[in-house]
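Peer 1: Have a look at this one.
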Amino acid sequence: MLESPTGTGKTLCLLCASLAWLKHKRDKNIEANKTEQPFIYYSSRTHSQITNVLKELKKTCYLPRTCILSSRDNLCVNTAIKNYNGANLNFKCRQLRIKKSCRYFLGSEIMGSNLYDQIDIEELYTLGRDKMFCPFYFQRKKYEVADIIFLPYNYIFAEKLRNAMGIILKNSVLLVDEAHNMESVCEESVSVEFSTNLIDDCLNDLKGFKMAMENDTVSLNRDNNQSSYSKKEMNSLINAQEAILTNLKSYMKSYTKVGSNLTPTELFKVFFEGSVKKDTNQTLLVDNKK
Numbered sequence: 000m001l002e003s004p005t006g007t008g009k010t011l012c013l014l015c016a017s018l019a020w021l022k023h024k025r026d027k028n029i030e031a032n033k034t035e036q037p038f039i040y041y042s043s044r045t046h047s048q049i050t051n052v053l054k055e056l057k058k059t060c061y062l063p064r065t066c067i068l069s070s071r072d073n074l075c076v077n078t079a080i081k082n083y084n085g086a087n088l089n090f091k092c093r094q095l096r097i098k099k100s101c102r103y104f105l106g107s108e109i110m111g112s113n114l115y116d117q118i119d120i121e122e123l124y125t126l127g128r129d130k131m132f133c134p135f136y137f138q139r140k141k142y143e144v145a146d147i148i149f150l151p152y153n154y155i156f157a158e159k160l161r162n163a164m165g166i167i168l169k170n171s172v173l174l175v176d177e178a179h180n181m182e183s184v185c186e187e188s189v190s191v192e193f194s195t196n197l198i199d200d201c202l203n204d205l206k207g208f209k210m211a212m213e214n215d216t217v218s219l220n221r222d223n224n225q226s227s228y229s230k231k232e233m234n235s236l237i238n239a240q241e242a243i244l245t246n247l248k249s250y251m252k253s254y255t256k257v258g259s260n261l262t263p264t265e266l267f268k269v270f271f272e273g274s275v276k277k278d279t280n281q282t283l284l285v286d287n288k289k
């Protein structure tokens, strides 16, 4: 661990040392005919911190290939769906990609991965909007060939997200900016917070999806090569989800008070009696892919 006052050059020191190691390691791997190559992962809490790091990187003699991993909330440039966020934005994006009607996604498909290195997230967003390509999927492509990958804490410390992104830390260098935040970040990565209002939103989304399905305005295709869901199958899934969420909401209201916290035993009882348990969790998670 390196600890030093602000402004003493910690970031520049770590970047230069790591990039020198990366060049040496990759040269050795090439000589030994090894196909696996190491990376440098630079993890930061905010994108503004990553912007500052990129400014420092430009001061060095190194010209690494860079990649910034972030969510669609930060990188989507399609004005037709930009007002959505989170899971709703992911769903809308998926619909457009299935229909091949997002010109930005199609634009990123034909772009070379050697373009636009050492730019921050704001510059990337502007380029995507002006040059007609999707920054989110373009960075996914650059990830495969990058030397240094900039990413937020949760991409590293949330195991599910790390695995989904294919992030492998073995034989690579991990630099953690503002590492004193790690304790709270790790705590947040295994915590969940939700309310009965969120359950109401989920129930409203299910109701809207069911109406769209009846009007044939939503696709029932899956992401993989399996056959599409039938309306009967999807109705059955939605009904099961509605029953679980409604049951869970009623138990949450009976056990909680405004401003109060549940004990672990009470929390377990809420979920168990609300039917969120081993034999029902897959009903709530069907095809939950980004």
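All residue numbers for the sequence shown refer to numbering that gives the first Met the number 0, where the first residue is 0 and numbers rise by one.
Backbone N, C-alpha and C fix where the C-beta goes; we use that ideal spot for every residue, glycine too.
Could you tell me which residues DSSP puts in a beta bridge with Pro151?
Peer 2: In the sequence shown, counting from the first residue as 1, residue 151 sits at position 152. Looking at the DSSP assignment, Pro151 forms a beta bridge with Ser43.
Peer 1: DSSP three-state label for Ala16, please.
Peer 2: Taking the sequence shown and counting its residues from 1, the one referred to as residue 16 is at position 17. Here Ala16 sits in helix by DSSP.
Peer 1: Can you round the beta-carbon distance between Tyr41 and Val52 to whole angstroms, since I take them to be within the 8 Å contact cut?
Peer 2: In the sequence shown, residue 41 corresponds to position 42, counting from 1. In the sequence shown, residue 52 corresponds to position 53, counting from 1. Right, the Cβ-Cβ distance comes to about 6 Å (below 8 Å), so this counts as a contact.
Peer 1: Does the contact criterion of 3 or more C-beta pairs under 8 Å hold for the stretch 11–18 versus the stretch 117–137?
Peer 2: Taking 8 Å as the limit for Cβ pairs, the verdict is that the stretch 117–137 does not touch the stretch 11–18.
Peer 1: Find the nearest neighbour of Asp72 within the set Lys91, Cys66, Leu173 and Glu55, judged by alpha-carbon distance.
Peer 2: Counting from 1 along the sequence shown, the entry for residue 72 is found at position 73. Nearest C-alpha to Asp72: Lys91.
Peer 1: Which residues bound the alpha helix (DSSP H) around Val184?
Peer 2: Here the question's residue 184 lines up with position 185 in the sequence shown. Element bounds for Val184: Met181 to Ser188.
Peer 1: So the beta strand (DSSP E) Ile67 belongs to, where does it begin and stop?
Peer 2: Along the sequence shown, one-based indexing puts residue 67 at 68. Per DSSP, Ile67 belongs to the beta strand (DSSP E) from Thr65 to Ile67.
Peer 1: Could you spell out where the alpha helix (DSSP H) holding Leu173 opens and where it closes?
Peer 2: As a first step, residue 173 is located in the sequence shown; it is residue number 174 there, counting from the start. Where Leu173 is concerned, there is no enclosing alpha helix (DSSP H), although the beta strand (DSSP E) it sits in stretches over Val172 to Val175.
Peer 1: If you reduce the DSSP assignment to three classes, tell me which class Val191 lands in.
Peer 2: Sequence index remark: in the sequence shown, residue 191 carries index 192 (1-based). Val191: coil per DSSP, three-state reduction.
Peer 1: Just the Cα atoms here: how many angstroms apart are Pro4 and Leu205?
Peer 2: In the sequence shown, residue 4 corresponds to position 5, counting from 1. In the sequence shown, residue 205 corresponds to position 206, counting from 1. Rounded to the nearest angstrom, the two C-alpha atoms are 52 Å apart.
Peer 1: What did DSSP end up calling Glu241 once you bin it into helix, strand or coil?
Peer 2: For the purposes of this step, residue 241 is identified with residue 242 of the sequence shown, where counting begins at 1. Annotated three-state conformation of Glu241 is helix, per DSSP.
Peer 1: What distance in whole Å lies between the Cβ atoms of Pro63 and Ser171, which are believed to be in contact at a cut-off of 8 Å?
Peer 2: Against the sequence shown, residue 171 aligns to sequence position 172. Against the sequence shown, residue 63 aligns to sequence position 64. The Cβ separation is near 14 Å, so there is no contact.
Peer 1: From the DSSP output, in three-state form, read off Asn246 for me.
Peer 2: In the sequence shown, counting from the first residue as 1, residue 246 sits at position 247. Asn246 falls in the helix class under three-state DSSP.
Peer 1: Pick helix, strand or coil for Phe38, following the three-state DSSP scheme.
Peer 2: In the sequence shown, residue 38 corresponds to position 39, counting from 1. Of the three classes helix, strand and coil, the one that applies to Phe38 here is coil, per DSSP.
Peer 1: Measure the beta-carbon distance from Ile198 to Lys248 and round it to whole angstroms, keeping in mind my assumption that it falls under 8 Å.
Peer 2: Along the sequence shown, read from residue 1 onward, the residue named residue 198 stands at position 199. Along the sequence shown, read from residue 1 onward, the residue named residue 248 stands at position 249. Right, their Cβ atoms sit about 5 Å apart.
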